[in-house]
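Below is one structure, written out as structure tokens, with a few remarks after it.
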Amino acid sequence: MVVIGGISHYQSTNIVDLVNALTESGRIVVASGLNLDVHGQPYNHLPELMARANQVILAKAVCSYGNCHDLEANRSISINDQFRAHCSTHYYRNVFGTDTEAGTLTLYVGPMFADKSTDWKTKIEKLQKAGFSPLVVKLDQDKRYGSETEICLHTDERHPAVNISTIREIEDLLRKDPKIKDICIDEGQFFQGIYEYTQELLSRGYNVDITGLPLTFNLSPFGEIPSLMCLADRIILNTAICVSCGHPASYSQRLKPIQGTIMPAPHGDVDFLPGGAESYQARCFDCLELPGRPENKYKLDRLVL
137 MVVIGGISHY
147 QSTNIVDLVN
157 ALTESGRIVV
167 ASGLNLDVHG
177 QPYNHLPELM
187 ARANQVILAK
197 AVCSYGNCHD
207 LEANRSISIN
217 DQFRAHCSTH
227 YYRNVFGTDT
237 EAGTLTLYVG
247 PMFADKSTDW
257 KTKIEKLQKA
267 GFSPLVVKLD
277 QDKRYGSETE
287 ICLHTDERHP
297 AVNISTIREI
307 EDLLRKDPKI
317 KDICIDEGQF
327 FQGIYEYTQE
337 LLSRGYNVDI
347 TGLPLTFNLS
357 PFGEIPSLMC
367 LADRIILNTA
377 ICVSCGHPAS
387 YSQRLKPIQG
397 TIMPAPHGDV
407 DFLPGGAESY
417 QARCFDCLEL
427 PGRPENKYKL
437 DRLVL
């Protein structure tokens, strides 16, 4: 086991390469770090590290603002060169000048076929049973399973959704229905600007639930999901079942026809192509195949137990 404290303070990308080399050689890495800086931005390379994590524990502090003492403080501010923990509500009041109670961000992340959308759909249905009307949106270009007005799960379940092409189209929908307090976004990795807009929504008191893939098939950070992991109040990190060995799977294997045969897509293929079981499989790292993947600068022997 390798324990790394203050991992977010390392500014070089070498820390990401090193952690990847350690974990891919069979070693356990336990790391602690700051998820956000005082400006509410992801801290150095923590997004990439969180995207590769098998488990994420979000530690909270006690809010130091006045007599608040909220036990869920997950933001930091700087006063006279001293850092103080603030809950989201008092942080956003200090930064944005808002006077509402902050909303919460819940992320449902993991590889394909990990039941992210299933868990997310359950949350939506609970809100509806309680009498709330959450706004459910999806990217208009995502037309998998032949539906443009529904979110289609791999289980063939469906749920109505509003198509949007950019994340800020949500603003028009909120103006039309001021009663909305819960916003549910499917496949958040597809939306540019989702991080900053989510910050705005939280500061205004909206609760936001987002599903997303933290990694592309070739293990690169996928969109802004890794950054949102730094911002989240709660992360539901799901795994699938590896189709090759049956172990827990954290990765999405891309398949494509090559000279008439279905083969693993090369590492340099485009980051994402919409598809389902015909194009993707859930796999563990040992069974993941990435032809042409560059060698890590840190070459460690595989740990044999």
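The sequence shown begins at 137 in the working numbering and counts up by one.
Note that CB positions come from ideal geometry on N, CA and C, so glycine has one too.
- When the five nearest sequence neighbours on each side are left out, the beta carbons in the same chain lying within less than 6 Å of the beta carbon of Val344 are those of Leu241, Ile319, Thr334 and Leu337, in order along the chain.
- Between Leu439 and Pro400, the C-beta spacing is not below 8 Å.
- Assigned with DSSP and collapsed to three states, Gln264 falls in helix.
- In terms of Cα proximity to Leu364, the closest of Tyr201, Ala187 and Glu414 is Ala187.
- As far as DSSP is concerned, Tyr146 takes part in no beta bridge.
- The residue among Met248, Asn203 and Asn230 with its C-alpha nearest the C-alpha of Leu409 is Met248.
- By the Cβ-count criterion, Cys381 is exposed, with fewer than 16 other Cβ atoms from all chains shown falling within 10 Å of its own Cβ.
- Taking 8 Å as the cut-off, the beta carbon of Glu360 is found no closer than this to the beta carbon of Tyr342.
- For Arg311, the uninterrupted alpha helix (DSSP H) run begins and ends at Ile306 to Lys312, by DSSP.
- The beta carbons of Asn180 and Tyr146 sit about 7 Å from each other, so the pair counts as a contact at 8 Å.
- Three or more Cβ pairs closer than 8 Å define a contact, and the segment 206–223 falls short of that threshold against the segment 380–397.
- Residues Tyr244, Ile372 and Asn374 of the same chain have their beta carbon placed closer than 8 Å to that of Asp255, with the five preceding and five following residues left out of the count.
- Pro350 is the residue among Glu237, Pro350, Ser161 and Glu431 whose C-alpha sits nearest the C-alpha of Gln191.
- For Ile143, same chain residues with a beta-carbon under 6 Å away, outside a window of 5 residues either side, are Ala167 and Gly169 in chain order.
- For Gln389, the number of other beta carbons within 10 angstroms of its own is at least 16, and it is reported as buried.
- In the DSSP assignment, Met186 falls within the alpha helix (DSSP H) that extends over Leu182 to Ala187.
- A Cβ-Cβ distance of about 5 Å is found for the pair Glu208 and Lys196, placing them in contact under the 8 Å criterion.
- Every beta strand (DSSP E) of 3 residues or more that sits fully in the segment 368–400 is shown, in chain order, as 370–373, 387–394 and 397–400.
- Around the beta-carbon of His222, 16 or more other beta-carbon atoms lie within 10 Å, marking it buried.
- About 7 Å separates the Cβ atoms of Leu275 and Ile300, confirming a contact at the 8 Å cut-off.
- Apart from sequence neighbours up to five positions away, the residues of its chain that approach Gly348 with a beta-carbon distance below 8 Å are Leu243, Tyr244, Val245, Lys252, Glu323, Gly324, Gln325, Phe358, Gly359, Ile361 and Leu364, ordered along the chain.
- Counting only residues of its own chain and dropping the five nearest sequence neighbours on each side, Arg163 has a CB closer than 8 Å to the CB of Met137, Val138, Leu436 and Leu439.
- For the pair Tyr434 and Asp153, the CB atoms are nearer than the 8 Å cut-off.
- According to the DSSP assignment, Ser339 belongs to the alpha helix (DSSP H) that extends over Ile330 to Ser339.
- The beta carbon of Glu237 sits closer than 8 Å to the beta carbons of Thr225 and Gly341 from its chain, once the five residues preceding and following it are set aside; these are given in chain order.
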